[in-house]
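Numbering (the numbering used here), first residue to last: 1 to 460.
Each remark here refers to the structure printed beneath this line.
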Amino acid sequence: MEYGRNEAFTLTLNSYFEALRGKRILVLGLGVSNRPLVRLLLQHGLEVTGCDKTPREALEEEILTLEQQGLKLKLGDSYLEELEADVAFRTPGLHPLNPALCALRDRGCRITSEMEAFFEVCPCPIIAVTGSDGKTTTTTLISEMLKKAGHRVWIGGNIGTPLLDRAEEMEQTDKVVLELSSFQLMDLHYSPSVAVVTNITPNHLDVHKDMEEYVEAKTHIFAYQKTGDVLILNKDNDITAAFRSVGEHRFFSRQEKADVYYEDGVIYRGGKALMKREDILLPGLHNVENYMTAILAVQGMVRDEDILEVAASFGGVEHRIELVRVKDGVRYYNDSIASSPNRTMAGLRSFSEKVILIAGGYDKKLPFEELGEEILRSVKLLVCTGGTGPRIAEATVRAAKGGPCPEIRSVPDFYEAVHTAAELAQPGDVVLLSPAGPAFDRFKNFMVRGKEFKKTVMEL
């Protein structure tokens, strides 16, 4: 099945910005995703105020350059106070129900986002992926399969690449593949032609007011779909299995028959064997799920041989169970992307042997009980560090209930934790960084954390 252009995609980039002429415009948050937007607004001669909590003395050079080009700045702790605007572009990290945004809405301001603007002007079909785990790998797999089949593909969104400023380069025959977070989805009023929900488990509860709000945000990926659009769901997850849209539904499963399912080491599509688990270069059953999801997303757009070629050659995304090096018979893996207990559990299950686990990060107020139980099954030595290190250690001890428990070392310093794991490792061991929490307790993001881990390992 080939998907045509969404009827909502009627604006060109120029007409979108022309409609903003004469309006008071705010860009709330001047992070990476909003800077191309600011440039476009300025290039179209619009008056823009950029609001950011970063004080002037800590601003990056790129923002100061934008100021020289006409951007007005409102900075510091009071950046959301006394705002007046006709249109405000919200950064994903700013909750839509923030009191300042609610006040703007009450005064007639339209709250939108860079992502919503992209949906309005994108000229080609969009495949979008959300979920608690597996988003980035699944998004990348879909993109790689489409490229292998000869499609011109644009990949972006939460995966790190804003696409709004590239929309004019896109053709109707191209494909766009987006990773969308719950924060991007919360007030998005568009849905993609193909919507994918990998799974939903507790996550980001330090920002969302409760689990209900988090789940509700995820439903926005399909809330505005039309007849003929496709929704791809995990049949094994109670929450996603109950989702429904007005379009076609496709399900994948590791536990029962579905449109694509896994049984006895084989992935089946439509009841026919498509590929074996050993055909997939990436380790772990969670990557079998990622492949099943991607297979459903590209159905009708690629050949089976394209899927098999990607499976045999794709070595994974950086910071996602990435083999860093083998030293003295010890394998070191970087799974810094694991910012939730579920992701760390999936990483642990990727290995047949018990591993040396380095865990701990920023506290998102998530439960660690299940992780503690998985650590008992999969870990020979636990090195706890960072903000949640003590909580993970406590959960592991509680799970043991006085029985056998892996050795636990508490090492608050991240770099010392890596060295401790290396010093205690023996030939044949696996050392896995899989923190089960975001990096914000020590690092700017998970990418910086992963790079610092790799640098430290390479210097051993």
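Note that the Cβ used here is the ideal one computed from N, Cα and C, for glycine as well.
Item, Value
"Short Cβ contact (8 Å threshold) for residue 240 with residue 179", "no"
"Between the CA atoms of residue 386 and residue 317 - distance to the nearest angstrom", "24 Å"
"Residue from 134, 128, 330 and 84 whose Cα sits closest to the Cα of residue 102", "84"
"Closest by C-alpha distance to residue 145, when choosing among 343, 421, 402 and 302", "302"
"Member of 181, 167, 96 and 166 whose CA lies at the smallest distance from the CA of residue 135", "181"
"Three-way DSSP call (helix, strand, coil) for residue 63 in this model", "helix"
"Beta-carbon proximity of residue 40 to residue 163, cut-off 8 Å", "no"
"Residues of its chain near residue 332, where Cβ-Cβ distance is below 6 Å and the 5 sequence neighbours each way are ignored", "324, 325, 431 and 457"
"Exposure of residue 91, with buried meaning 16 or more beta-carbon neighbours within 10 Å", "buried"
"Span separating the alpha-carbon of residue 289 from that of residue 351", "16 Å"
"8 Å contact criterion, which residue 109 and residue 86 should meet: CB distance rounded", "6 Å"
"Residue burial classification, residue 13 (beta-carbon count within 10 angstroms, cutoff 16)", "buried"
"Minimum C-alpha distance to residue 159 - residue among 337, 421 and 342", "337"
"Closest Cα partner of residue 46 within the set 346, 343, 114 and 26", "26"
"Assumed close pair residue 128, residue 195 - CB separation to whole angstroms, cut-off 8 Å", "6 Å"
"Residues that residue 49 bridges to, as DSSP identifies them", "26 and 72"
"Residue nearest to residue 455 in terms of C-alpha spacing, selected from 264, 360 and 334", "334"
"Local conformation of residue 130 per DSSP, three classes", "strand"
"CA-to-CA distance, residue 438 to residue 297, given in whole angstroms", "28 Å"
"For residue 295, three-class secondary structure by DSSP", "helix"
"Helix, strand or coil at residue 347 according to DSSP, with G and I counted as helix", "helix"
"Within 8 Å, strictly: CB atoms of residue 360 and residue 396", "no"
"Extent of the continuous alpha helix (DSSP H) run through residue 372", "369-378"
"Per DSSP, the bridge partner or partners of residue 262", "267"
"Given 8 Å, three or more beta-carbon pairs between the stretch 275-290 and the stretch 112-131", "no"
"Under 8 Å between C-beta atoms of residue 230 and residue 244", "no"
"Residue range of the beta strand (DSSP E) that includes residue 196", "194-197"
"Option nearest residue 238 by Cα separation, candidates 426, 374, 227 and 253", "253"
"Cβ contact check for the stretch 433-447 and the stretch 401-411: 3 or more pairs under 8 Å", "no"
"Anticipated Cβ contact below 8 Å, residue 355 with residue 366, distance rounded", "With a Cβ gap of about 21 Å, residue 355 and residue 366 do not count as contacting."
"Candidates 346, 148, 277 and 71: closest to residue 44 by CA position", "71"
"CB of residue 461 within 8 Å of CB of residue 117, strictly", "The structure shown does not extend to residue 461, since the chain is modelled only from 1 through 460, so no value can be given for it."
"Residue 410 (DSSP reduced to helix, strand or coil)", "strand"
"Where residue 327 sits in the DSSP three-state scheme", "strand"
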